[in-house]
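Mind the numbering: the sequence shown is residues 0 to 200 in numbering that gives the first Met the number 0, read in order. Cβ atoms here follow ideal geometry from the backbone N, Cα and C, with glycine treated the same way. Scroll down for the structure; my scribbles are underneath it.
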Amino acid sequence: MESVLQTRQEESALRVEIYGLLAHLFRKAPDQTVLDWFSALDVEANQHAGSQNTMAAAWPVVKLAAQTTSVLAVEEEYQDLFIGIGRGEIVPFGSWYLTGSMMEMPLAHLRRDLAQLGFQRDESVKEPEDHIAALLEVMAMLVEGGDKHLQQVFFNRHIATWFERLCKDLKVASSAVFYSAVAELALQFLLVEKTLLVEVN
């Protein structure tokens with residue numbers, strides 16, 4: 000029983016780390032420390048088959064992408080993808096993907112749920128709360144908190160409905176090189192989460 004509990008704690012800790020890592024990458028371009036961390040990952044391209052083999056296969060791709068880019072290149076890539084002139088190639092907000100416009104009802108529903116969970120807006124962050132980075136940060140905190148029901152409700156209301164389209168758009172975006180690999184990792188991780196957090200009515 001103790002070993003099962005330890006395994007669950009380790010799995011939760013890993014989920015928190017991956018949510019946090021992806022949130023960081025969507026929030027801003029990685030610096031040299033982050034690129035070095037990816038470059039040094041102990042992963043193999045020929046991962047053995049398993050229930051999460053698709054996600055496992057995504058790690059070596061990110062590792063290679065980190066090894067073959069530079070801080071300057073990935074900063075320019077991030078700028079073109081997410082900021083641009085006017086806006087970037089990718090608009091990583093829930094309202095945009097669900098309604099085609101910013102600041103719509105999905106954001107209002109999210110703000111209601113965040114308030115109920117006790118989260119307060121960080122005034123130093125200018126983007127609306129439905130930015131994918133913010134949603135992943137919330138999930139990291141919910142997983143760390145250990146309440147699976149809260150994780151299920153938040154994920155299914157605010158991430159499950161649009162993350163696949165976002166990741167697939169990012170993967171094929173013309174400016175995406177390093178972030179194409181990040182998109183595949185995010186997609187595969189969130190697909191695993193979608194299965195884990197399926198709600199049974």
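Which residues bound the alpha helix (DSSP H) around residue i?
i	result
residue 38	31–38
residue 59	52–66
residue 132	131–144
residue 98	93–98
residue 125	It is not in any alpha helix (DSSP H) - residue 125 carries neither H nor E in the DSSP assignment.
residue 76	70–77
Do residue i and residue j have their C-beta atoms closer together than 9 angstroms?
i	j	result
residue 89	residue 169	yes
residue 138	residue 18	yes
residue 134	residue 126	no
residue 188	residue 40	no
residue 23	residue 33	yes
residue 100	residue 62	no
residue 186	residue 167	yes
residue 141	residue 91	no
residue 97	residue 87	no
residue 132	residue 26	yes
residue 70	residue 28	yes
By DSSP, does residue i sit in helix, in strand, or in coil?
i	result
residue 193	helix
residue 84	strand
residue 118	coil
residue 180	helix
residue 47	At residue 47, the pLDDT of 44 sits below 50, so the modelled position is not reliable and the matter cannot be decided from this model.
residue 167	helix
residue 160	coil
residue 173	coil
residue 104	helix
residue 17	helix
residue 22	helix
State buried or exposed for residue i, treating a residue as buried only when at least 16 other CB atoms are found within 10 Å of its CB.
i	result
residue 64	buried
residue 197	exposed
residue 148	exposed
residue 94	buried
residue 172	buried
residue 68	buried
residue 194	exposed
residue 192	buried
Using 8 angstroms as the threshold, is the stretch 174–184 in touch with the stretch 69–79, meaning 3 or more CB pairs across them? yes
Whether or not the stretch 109–127 and the stretch 149–157 are in contact is what I'm after, with contact meaning three or more pairs of Cβ atoms, one per stretch, closer than 8 angstroms; do they touch? yes
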